[in-house]
Amino acid sequence: LPLFNGLITDIPEPNYLPVSDSRIDLDGTIFPVGSVGKAMAHFSPKITAIQQSAIHGYVEPTTAPAPLDPKDPRLPPNSSPLFKGCEKHGIVTKNFHPLVLERTRERLRTHLFSKCKPLRSVPRLKLTEQQAICGDPALPFCDPLRWNSSEGYPYFKFRPAGETTKKWLFKLEELPSGLVFLGYHELLDGIISYKRKQRRLGVVQPTIFVDCLKDARIP
190 LPLFNGLITD IPEPNYLPVS DSRIDLDGTI FPVGSVGKAM AHFSPKITAI QQSAIHGYVE
250 PTTAPAPLDP KDPRLPPNSS PLFKGCEKHG IVTKNFHPLV LERTRERLRT HLFSKCKPLR
310 SVPRLKLTEQ QAICGDPALP FCDPLRWNSS EGYPYFKFRP AGETTKKWLF KLEELPSGLV
370 FLGYHELLDG IISYKRKQRR LGVVQPTIFV DCLKDARIP
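Residue numbers (the working numbering): 190 to 408.
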C-alpha cells in the first residue's frame, strides 16, 4: 500500500500558461503541462562563481568549472547543457522484474535492522520549528538549515537586493548559544499557513522543482 494511502485525497493542478508559450521544445518522452511567464521563469547564470585559489598556476589542475553557457568553446555548436540535461528526463528506463525488486527490498530491510542502530529513541519524533530551522545540538543529526543554499523555486525570485542567503525568509535572533527562531517572513508565513490548512483537508498543494545546472568542477 502507498505510504500515505487514505491520507491524501486530492492533488490540485497549478494554473499554468499554455504550453505554446514555452520558448523551448525538448526531445524525448516528455509531456509538457504548461509554461510560466517571464516574471517567474528561471534564468541560469552563464558564468561560474568558482574562484581560483592562491596556488592556481603553480599546480596543474585536473578539473575545471562545468560549462554553463551554450557558447562555451568546450561544447559542440548549438549545444545547450541545460537543455541536454533536461532531456535526460525523457529517457525511458528499463523496468526491473518485480521479484528482483522484492528481493532487493528485503535484503536492504534486513541490513538496516541488523546494522543501523537508531539514534533517536523517541518514537514518531516531531520536530519543533526551532529544531527544524535552527537545529538542536542535543539531538543527533538535527542540523540547522544550510543558509548558503538556494531558497528554492519560486522564493529565490523574491530575494531582496543585497541578500546573499535565505535567512531573509526567517525572523532570527543570534545569541551566544546559537540562532533562535522568532517567525517567518510574511511571504513564507502565508504559504506555510495555507498549505497546512489544505493538508488538514486532505489536499496537498504541488511543489514545483527547477532543473538547473550545477556550478561545480568536473574532470
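Quick reminder that beta carbons are idealized off the backbone N, C-alpha and C, glycines included.
As the structure is a prediction and not an experimental result, all values here were calculated from the model.
Would you kindly report the start and end of the unbroken alpha helix (DSSP H) that includes residue i?
| i | result |
| --- | --- |
| Y383 | E375 to R389 |
| E295 | P287 to K304 |
| K360 | K360 -> not in any alpha helix (DSSP H); beta strand (DSSP E) instead, spanning F359 to L364. |
Output the boundary residues of the beta strand (DSSP E) element that contains residue i.
| i | result |
| --- | --- |
| E318 | Careful: E318 lies outside any beta strand (DSSP E), inside the alpha helix (DSSP H) at E318 to C323. |
Under 8 Å, do residue i and residue j count as touching if we go by C-beta distance?
| i | j | result |
| --- | --- | --- |
| L206 | G223 | yes |
| P201 | V399 | no |
| G331 | G367 | Residue 331 is actually Cys in this sequence, not Gly. No, these two residues do not count as a Cβ contact at 8 Å. |
| H278 | I219 | yes |
| P138 | P265 | The requested residue 138 is not part of the displayed model; the chain covers only 190 to 408. |
| S203 | P395 | The sequence as given places Pro at residue 203; Ser does not occur at that position. Closer than 8 Å, so yes. |
| F370 | E318 | yes |
Provide the residue(s) that pair with residue i in DSSP beta bridges, ordered along the chain.
| i | result |
| --- | --- |
| P254 | R406 |
| H278 | Note: H278 sits in no beta bridge, so no partner. |
| L368 | E363 |
| H231 | DSSP output for H231 lists no bridge partner at all. |
| L248 | Before going further, note that residue 248 is Val rather than Leu in the sequence given. The partner list for V248 (beta bridge, DSSP) reads H245. |
| V399 | Bridge partners of V399: none, in fact. |
Since residue i and residue j should fall inside the 8 Å C-beta cutoff, what is the C-beta to C-beta distance between them, to a whole number of angstroms?
| i | j | result |
| --- | --- | --- |
| M229 | P343 | 6 Å |
| D258 | K235 | 4 Å |
| L314 | C275 | In fact, because the Cβ distance is near 37 Å, the residues do not count as touching under 8 Å. |
| L358 | H374 | 5 Å |
| F347 | L376 | 6 Å |
Check: Is the region 238-254 touching the region 388-407 in the sense that three or more CB pairs, one from each, lie closer than 8 Å?
Finding: In short, these stretches touch, since the Cβ pair count reaches three.
Margin query: Closer than 8 Å is the cut-off here; do at least three beta carbon pairs connect the region 326-340 with the region 350-359?
Written below: Yes, the region 326-340 touches the region 350-359.
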